[in-house]
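Numbering follows the working numbering, in which position 136 of the sequence shown is assigned residue number 136; successive positions increment by one, without gaps.
Note that CB positions come from ideal geometry on N, CA and C, so glycine has one too.
Below is one structure; the comments refer to it alone.
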Amino acid sequence: MGSNESGRRRGVAVRVSSWKLILVLAGGAVGTGCGPTSQEPAPPDPVGTVKQEALSYNSLSYNGLSFNGLSFNGLSFNGLSFNGLSSDAFASWFDEDPVLADEVMHYVIRCAVPEGETRTYTDGRTEAVHIWPGLLGLAPTWAAGKPATVAEQQLISACLAAHANPFGVSVPISVQGRDGTGGTIPSTPAELAEFSRPESCFFGNLFLGEGIYAGSQNPPLTANQSTTRACAVVDGSGMPRQTCAPMVYVGACSASCTPDGTSGLSFLSCTVGGITYQPLTTRVRDADLAVCGDGTCQVTEACGASTTYDACAADCGACP
């Protein structure tokens, strides 16, 4: 499932300068007012509103962030800030690529802000109203209008990485771990039972230029299985099938991370290069794995004359 293989859908290839968004994260929570603490009620949606949906499970989210949205690596935001989404700096950043900017902000707010709160931005050029709902609430200090703590920077970084998808396909994931104050992300027995397959761990700090890392804790994929969650899911070789820069694969989560007593549901910390990070882990559903022979040619499969995911005759037919 390498990045140069044919016969598969690719994510949107868009370039964007993201340093101004990092200034937002340094400066505080975002809203439509001039101050960083503005929080939006739930008004009727005006014409032109672009609104994102939340989900029912507390720790359940949909991935689908393109890897261009992770282009924060190596960028510093120390000492830099501006107030809210009404600033000229944010508008300038957003206008560079409104589609990618909307995508990135959707996941930043989903990760950082608690469920029940939204952040809103009105595009001055088009008058489109972008409403981004919170969900996981990993950065309570930043969401309250103060600069993000180092732990919150790490968690937002990990959360963005957990939501990145090289195929541009949205599938549900269960996010496990702790928020910036050490509180456990709540999950129900029903959620854990449905999302029964341990997947990956994510950690790092994109905002201090320390990189972003991923490890695996999933059962290896068999030769006929594939997944759009390709960057930290290994097969029998012990390596992921796809390289997903700027994400760096570090091997098994257990080799880099300290257990927290939850039997791999989450980890207390993960360390790389002598720096310790607060991580997140993910779980997925077995039903979201593609299997050659199920009758559907998935974006992770290719044509061929075999039963393997990359030459799946039964689903994708013979190659022309």
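A contact between stretches requires three or more CB pairs, one per stretch, nearer than 8 Å, and the region 131-143 fails this requirement with the region 253-262. Serine 174 and glutamate 191 have their C-alpha atoms roughly 8 Å apart. In this structure, the straight-line span from the alpha carbon of proline 240 to that of alanine 223 is close to 13 Å. Note on the region 135-199: whole alpha helix (DSSP H) runs with a minimum of 4 residues are 140-143, 150-163, 189-194, in chain order. Note that the C-beta distance between isoleucine 109 and alanine 161 is not below 8 Å.
Across the structure, threonine 276 and glycine 209 are spaced so that their CA atoms are roughly 14 Å apart. In this structure cysteine 319 is exposed. Its beta-carbon is surrounded by fewer than 16 other beta-carbon atoms within 10 angstroms. For asparagine 205, the beta-bridge partners assigned by DSSP are Gly211.
Around the C-beta of glutamate 127, fewer than 16 other C-beta atoms lie within 10 Å, and the residue is accordingly described as exposed. Just so you know, the alpha carbons of aspartate 235 and aspartate 315 end up roughly 20 Å apart.
Taking 8 Å as the cut-off, the beta carbon of glutamate 301 is found closer than this to the beta carbon of alanine 290. Between the alpha carbons of glycine 261 and cysteine 201 lies a distance of about 16 Å. DSSP places arginine 110 in the helix class (H, G or I) of the three-state scheme. In this structure, glycine 317 sits away from threonine 307, with a CB-CB distance that is not shorter than 8 Å. Closest by C-alpha distance to glycine 238, out of Thr228, Ala151, Ala245, Asn218, is Asn218. Leucine 206 and threonine 181 have their C-alpha atoms spaced approximately 19 Å apart. For alanine 252, the enclosing beta strand (DSSP E) starts and ends at 247-252. Under DSSP, glutamine 225 forms a beta bridge with Val291. Judged by beta-carbon spacing, valine 169 lies within the 8 Å limit of threonine 228, meaning their Cβ atoms are closer than that value.
Ranked by how close their Cα comes to the Cα of threonine 281, the residues Ala245, Ile185, Asn165 have Ile185 in first place. In this structure, glycine 137 and valine 113 form a Cβ contact; the two beta carbons are roughly 6 Å apart against a cut-off of 8 Å.
Beta-bridge analysis with DSSP links serine 216 to Ser200, Ala252. Valine 104 carries a helical assignment under DSSP once its states are collapsed to helix, strand and coil.
Between alanine 252 and glycine 215 a beta carbon distance of about 6 Å is seen, short of the 8 Å cut, so the two are scored as contacting.
Using a Cβ distance threshold of 8 Å, glutamate 199 and arginine 283 count as a contacting pair. The beta carbon of proline 98 sits closer than 7 Å to the beta carbons of Asp123 from its chain, once the five residues preceding and following it are set aside; these are given in chain order.
Less than 8 Å separates the beta-carbon of glutamine 278 from that of glutamine 154. Closest by C-alpha distance to arginine 178, out of Phe167, Ala158, Gln242, is Ala158. Straight-line measurement puts the Cα of cysteine 231 at about 6 Å from the Cα of threonine 243. Ranked by how close their Cα comes to the Cα of glycine 274, the residues Thr296, Ala311, Gly204 have Gly204 in first place. An exposed status is given to arginine 125, since fewer than 16 other beta-carbon atoms sit within 10 Å of its beta-carbon. Comparing C-alpha distances from tyrosine 107 to each of Ile156, Thr141, Met247 shows the shortest one belongs to Ile156. As the crow flies, the alpha-carbon of proline 172 is around 26 Å from that of alanine 311.
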